[in-house]
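One structure is given below, encoded as structure tokens.
Protein chains: 2
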Amino acid sequence: MTETVTLDTFDRRILAIVRRHNLEPARSIADQVGLSESAVLRRLRRLRATGVIMADVSLIDPRRLASSITIHVLVELMQSLPHVEQLFARKLEKRPEVIGAWNVTGRTDFLLMVTVPSIEGYQAFIDAVLTPDENVRRYETLVSLREIVRFDPYRVGEVC
Amino acid sequence: MTETVTLDTFDRRILAIVRRHNLEPARSIADQVGLSESAVLRRLRRLRATGVIMADVSLIDPRRLASSITIHVLVELMQSLPHVEQLFARKLEKRPEVIGAWNVTGRTDFLLMVTVPSIEGYQAFIDAVLTPDENVRRYETLVSLREIVRFDPYRVGEVC
DNA sequence: TATGAAATGCCATAACC
DNA sequence: GGTTATGGCATTTCATA
Numbered sequence: 001m002t003e004t005v006t007l008d009t010f011d012r013r014i015l016a017i018v019r020r021h022n023l024e025p026a027r028s029i030a031d032q033v034g035l036s037e038s039a040v041l042r043r044l045r046r047l048r049a050t051g052v053i054m055a056d057v058s059l060i061d062p063r064r065l066a067s068s069i070t071i072h073v074l075v076e077l078m079q080s081l082p083h084v085e086q087l088f089a090r091k092l093e094k095r096p097e098v099i100g101a102w103n104v105t106g107r108t109d110f111l112l113m114v115t116v117p118s119i120e121g122y123q124a125f126i127d128a129v130l131t132p133d134e135n136v137r138r139y140e141t142l143v144s145l146r147e148i149v150r151f152d153p154y155r156v157g158e159v160c
Numbered sequence: 161m162t163e164t165v166t167l168d169t170f171d172r173r174i175l176a177i178v179r180r181h182n183l184e185p186a187r188s189i190a191d192q193v194g195l196s197e198s199a200v201l202r203r204l205r206r207l208r209a210t211g212v213i214m215a216d217v218s219l220i221d222p223r224r225l226a227s228s229i230t231i232h233v234l235v236e237l238m239q240s241l242p243h244v245e246q247l248f249a250r251k252l253e254k255r256p257e258v259i260g261a262w263n264v265t266g267r268t269d270f271l272l273m274v275t276v277p278s279i280e281g282y283q284a285f286i287d288a289v290l291t292p293d294e295n296v297r298r299y300e301t302l303v304s305l306r307e308i309v310r311f312d313p314y315r316v317g318e319v320c
């Protein structure tokens, strides 16, 4: 599925830096990891070409933008069959409101993370995705009142 | 709490671009939004200084790195009092395993998102954070078997 | 207080070893 | 992987409205 790319210590140290500050000059990175500027730039180009670095983006404070509601949904399917689950997963991937979705253990089959501008937007989402789906037995809505931590970029998936 | 920064249409269009590709030259952005290169660079500097742009990072494919488990935890407290909740929230903020935490409505008080290298790591987490906390009535563990969607950077908090 | 234009200096790129 | 010459890009300064 995903090709395995061998990352040596240099790659890992470079990744550890750019995942926090990807605008940092190669000169500075080179000094920190003990390589030449060229070597760092070559490695970065390779990491991007092979997909280890998926994207280079600015992280924007969601609180500064138009308000949105974060809602988690616990979904229980009629039957936990691979085929049914896969079908449901396909639908989720197409919905832009779904910013996170996991197939989990236990009574709950799926945990969804959804962001919508308002409750009306959530209503529209469940009317489109959950209610008409005969494979969905029931779902539980967890509306977020307060956000304690969200995807702290300094924490997500630490590089070893 | 969070100072309100007024973002005009230019700012929003610039943000919409850099949140997808922050390595894009200002020249290119300027052409797209209809400003000069200088104006774009000045606005970007201001957006970073004021914290609208929180960070500039490379997004790394988690599958290419050392494996880690994603676990969601539904936590029910003894009593849903503001003081108790705040105390619990404080503890969560200090834990690096917690990459997401929300105070939610319903029977569940908190929904946590945790990443650990192994089940042993999760065990250690609950032994440190949940078990010894007398304010925690019970918790439910949802281990992720499969990740359908995770924080698609092209989706999270779309700019209007 | 914002933009647009031009000179300076830094940085990535590419072709060498 | 390191070194160097080249080109591109951001930064700074200034003029303008």
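Protein chains in written order, with our numbering: chain A, 1 to 160; chain B, 161 to 320.
C-beta atoms are modelled at their ideal positions from N, C-alpha and C, and glycine is treated no differently.
Remember, it's a predicted structure, so these values are computed and weren't measured experimentally.
What span of residues does the beta strand (DSSP E) with residue i cover, start to end?
i: D56/A; result: I53 to I60
i: G100/A; result: V98 to V104
i: H21/A; result: Careful: H21/A lies outside any beta strand (DSSP E) and carries neither H nor E.
i: L167/B; result: Element bounds for L167/B: n/a, residue is neither H nor E.
i: T115/A; result: F110 to V116
Taking the Cβ atom as the reference point for each residue, do residue i and residue j lie within a distance shorter than 8 Å?
i: V149/A; j: I220/B; result: no
i: V129/A; j: I69/A; result: no
i: V274/B; j: V235/B; result: no
i: L47/A; j: D11/A; result: yes
i: G121/A; j: F311/B; result: no
i: V296/B; j: L237/B; result: yes
i: V98/A; j: L112/A; result: yes
i: E37/A; j: R27/A; result: yes
So, with DSSP's three-state summary, where would you put residue i?
i: M161/B; result: Confidence at M161/B is low in this model, with a pLDDT of 43, below 50, so its placement is unreliable and no value can be given for it.
i: E147/A; result: strand
i: R173/B; result: helix
i: E294/B; result: coil
i: L81/A; result: coil
i: L65/A; result: coil
i: L142/A; result: strand
i: R250/B; result: helix
Considering just the uninterrupted stretch of the alpha helix (DSSP H) at residue i, what are its terminal residues?
i: L41/A; result: E37 to A49
i: D191/B; result: A186 to V193
i: D134/B; result: Look at the range of chain B in this structure, 161 to 320, and you will see that residue 134/B is not part of it.
What's the call for residue i, buried or exposed, on a 16-neighbour Cβ count within 10 Å?
i: A124/A; result: exposed
i: L305/B; result: exposed
i: H243/B; result: exposed
i: T162/B; result: Annotation note: pLDDT 46 at T162/B (below 50); position unreliable, no value reported.
i: T108/A; result: buried
i: F88/A; result: buried
i: A209/B; result: exposed
i: A226/B; result: exposed
i: D216/B; result: buried
i: I174/B; result: buried
i: K94/A; result: exposed
i: I189/B; result: buried
i: G106/A; result: exposed
i: S58/A; result: buried
i: E134/A; result: exposed
i: R203/B; result: buried
i: R298/B; result: exposed
i: E85/A; result: buried
i: I231/B; result: buried
i: R19/A; result: buried
i: R64/A; result: buried
i: T6/A; result: exposed
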